[in-house]
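Under the working numbering, think of the first position of the sequence shown as 207, with each following residue one higher.
Positions of the beta carbon are idealized from the N, C-alpha and C atoms, including for glycine.
Treat the numbers as computed from the prediction; the structure is a model and nothing was measured.
Let me begin by presenting the structure, written as structure tokens, before commenting on it.
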Amino acid sequence: GCNPLAETGRSKLQNQRAVLNQQILKAVRMRAGAENLLRATTNNKVRDQVLLELSFVNSDLQILKEELEGLNISVEVYQNAEETFSIPLVPLGLKETKEVDFTLPLKDFIQEHYSEDSSEYEDEIADLMDLRQACRTPSRDEAGIDMLISYFLQLGYVENRFFPPTRHMGVLFTWYDSFTGVPVCQQNLLLEKASILFNIGALYTQIGTRCNRQTQAGLENAADAFQKAAGVLSYLKETFTHTPSYDMSPAMLNVLVKMMLAQARECVFEQVGLSGIRNEFFTLVKMTQEVAKVGEVYMLVNTAMNQEPVKENIPYSWSKLAQIKSDHYKALAHYFTATILCDHELQAGDDEDQQEKALSQLYDHLPEGLRARAVLRDKAQRRQLGKAHLHTAIVHHEEALRVCGLCKKLRHIEALQEVLAAAHKRSLLKYGQQETEDEFLSMGRAPDILPKTEHKIETIAPQFSKVKVKDFFHKLGPLAVFSAKQRWTAPRTIPIQEPGQLGFHLRGGAPVQIYCLDPLCSAASMGLKEGDYIVSVGGMDCKWLGVNEVLEKLRSVGEQPLEMEVISCQDTAASLHSKSATYSVGMQKTYSLICLAMDEDKMDQTKKAPLKLPFLSWGTKNRQKAASTLCLPSAVAGSAQIKKKLSPFTLLSTESSLY
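If you want it as structure tokens, here you go:
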């Protein structure tokens, strides 16, 4: 990973994000305590004082949320340094997390479950923790992506090795919401995997914004990065449903996928026009429909951002930027159409049929009384329709400038202001070159332009297979056998008195199994059973050896007696409900804040922490589907009555307002 103390613009933003997350956590804890006191007290004087304190705390939280939104719209930090005249693209900030110590839980599990010396795996555990720490500050390139993917794949091995479906491991994962800063804490590895996936998508967006959009290669790389980001976020939405974090909720991820594809579409349009747009009839028709498509997709993004429940948590400036881009690119479409009509009169050598067909494809329908061929032939009609498009373009430009000026976060982005002002000035200049408005007054509103594109933009699924990862805990044995789901007896030592006459056969791959055991042989009398796995021969580990290699070891000692160690597979108890980074049926879908009841800093690190149930499990101990989430209802200042009491000892309604 990158140096976390590096004084780069991106690292400064991430450090500010981490500080804001801690301040938000403190304020949320204070609010939770005040709400608990409000529910418990019956003294009116105390209630009034608590409500006053709650109003201050909620005000502080709103201020902190606005500061976090300011970090999310600090897009200029992520843009390419050589960029001079392009509308900024929006990247996602990386989710922040707290450090996790795997040492004690994994060492205890290795000794208890695998019956091996846990001290032999200290280096592997340290490698896992080092990789996780490095993933908190990935480099903004393909190496950073590969590192995050390698950790995500490594988590798959860790989950199968150490996280049984029947109990928690006592490892608490804490991740902060990228938009609200509220922490989500769970003892579930799936929260870790989902958060890493989100950061892979976020890093792709940062790579896309960093590309130099003044070159063909840079625009190709930017479009590709945004499509890959959309693919990762789409994979996250389909794989980890109902995650207890707003930024990873299905509704939010759906909006983010649309936004990334819209930015990829914008890069493709810039790529088409990078070498210059020739003032030629058919070229302008093509560019008109391409830019109309960009305006359309940003209009859909803006609509999605203003729908519940995303509207409450998406940065306000993002929604306004999508609206600005929609108006800006719609204005460009009308400007190009006006240029077609005003600058290209039908000449004697022109193909009238082709021009008529191309012009007809721009519209769903022309204004009443107009026909495409008549417009091409009649100079007055061309000018009237062209001026109508110019007027519409100016209206869209002015709306984009107005919205930009009203948003305090966007009006300070100089590049955005320059692009919008230049496009508006160009449309005004062209409009002023036309004749008086007498002819225009009879035309009315310009018809809408049909979007069309020749470039397909779609999500690119993550290619996890391209990153080759070796299991850190390879020494434990083949994962298909030596996993957290399987249970065995402790290794038993079986002496082999006559290596030449074993009394059993071997089968299977690694590790090999005993079969066709002669019940009268010496090995059977010493405790060897049918179906046992051989884990070592003569002190040499053979979990990864096949039948031929194990037989060779058994025969290599000649007539000397030797010892082999075997294990027997036990019947696995019926697994309980598999917990995941989701809400459970009967529990509200809300933020998980176990950290409010745990003081991790005071926990004695030298002792093994006893496994504790999450404190919402007090009332759900006998329920099959429990959830490690804490519901934090918001109290409305000035309201003396609580409409709905939420208690960890009562069943909560499946209805939820989170999504």
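Here the alpha carbons of LEU596 and ILE546 stand approximately 11 Å from one another. For CYS548, the enclosing alpha helix (DSSP H) begins and ends at 522-549.
Between VAL474 and ALA435, the beta carbon gap of about 15 Å keeps them out of contact (Cβ cut-off 8 Å). Per DSSP, ASP430 has no beta bridge partner at all.
Contact between the segment 702-722 and the segment 740-754 is present, with at least three C-beta pairs closer than 8 Å. MET375 is a Cβ neighbour of PHE315, given a cutoff of 8 Å.
Taking C-beta atoms as the reference points, LEU439 and VAL463 count as a pair closer than 8 Å.
Between PHE542 and VAL500, the C-beta spacing is not below 8 Å. For CYS722, there is no enclosing beta strand (DSSP E), as DSSP marks it with neither H nor E.
Under DSSP, no beta-bridge partner is assigned to TRP750. For THR695, the secondary structure class from DSSP, reduced to helix, strand or coil, is coil.
Classified as exposed, VAL225 has fewer than 16 neighbouring CB atoms from the shown chains inside 10 Å of its CB. When DSSP assignments are scanned along the segment 355-392, the uninterrupted stretches of beta strand (DSSP E) that are 3 or more residues long and fall wholly within it turn out to be 379-382 and 389-392. Taking the C-beta atoms as reference points, ALA528 is found nearer than 8 Å to ASN508. Secondary structure of GLN776 (DSSP, three-state): strand. Burial check for GLU272: the Cβ neighbour count within 10 Å stays below 16, so the residue is exposed. Inter-residue distance for LEU612 and HIS680 is about 58 Å (C-alpha atoms, whole angstroms). CA-to-CA, the gap between LEU682 and ILE619 works out to about 55 Å.
Contact fails between the segment 583-594 and the segment 514-521, because fewer than three Cβ pairs, one in each stretch, are under 8 Å apart. Per the DSSP secondary-structure output, GLU769 pairs in a beta bridge with PRO701.
Within a 10 Å sphere around the beta-carbon of ALA686 sit fewer than 16 other beta-carbons, which makes this residue exposed.
Here GLN433 is actually not in contact with THR695; their C-beta atoms are around 52 Å apart, not less than 8 Å. Between the C-alpha atoms of PRO767 and SER689 there is a straight-line separation of about 32 Å. Residue pairing of THR303 in beta bridges, as defined by DSSP: TRP381.
If you ignore the 5 residues before and after PRO697, its C-beta comes within less than 8 Å of the C-beta of SER321, VAL741, SER742, GLU771, VAL772 and ILE773, all in its own chain and listed in chain order. Only residues of its own chain outside the window of five on either side were considered, and among them PHE488 have a CB closer than 8 Å to the CB of GLN560, listed in chain order.
VAL743: member of the beta strand (DSSP E) spanning 739-743, first to last residue. Short of 7 Å from the beta carbon of ASP266, and not among the five residues preceding or following it, lie these beta carbons of its own chain, in chain order: ALA233. One Cα belongs to THR309, the other to PRO371, and the distance between them is close to 20 Å. Cβ neighbours of GLN255 within its own chain (closer than 6 Å, five residues either side excluded): none. Fewer than three beta-carbon pairs drawn from the segment 563-574 and the segment 520-536 are found closer than 8 Å, and the two stretches are therefore not classed as touching. Rounded to the nearest angstrom, the Cβ distance from TYR441 to LEU403 is 7 Å, consistent with a contact under 8 Å.
ILE655 carries a strand assignment under DSSP once its states are collapsed to helix, strand and coil. Residue pairing for HIS711: DSSP places it in a beta bridge opposite TYR721. Looking at the DSSP output, TYR569 shares a beta bridge with ILE655. The Cβ atoms of ALA431 and ILE413 sit closer than 8 Å to each other.
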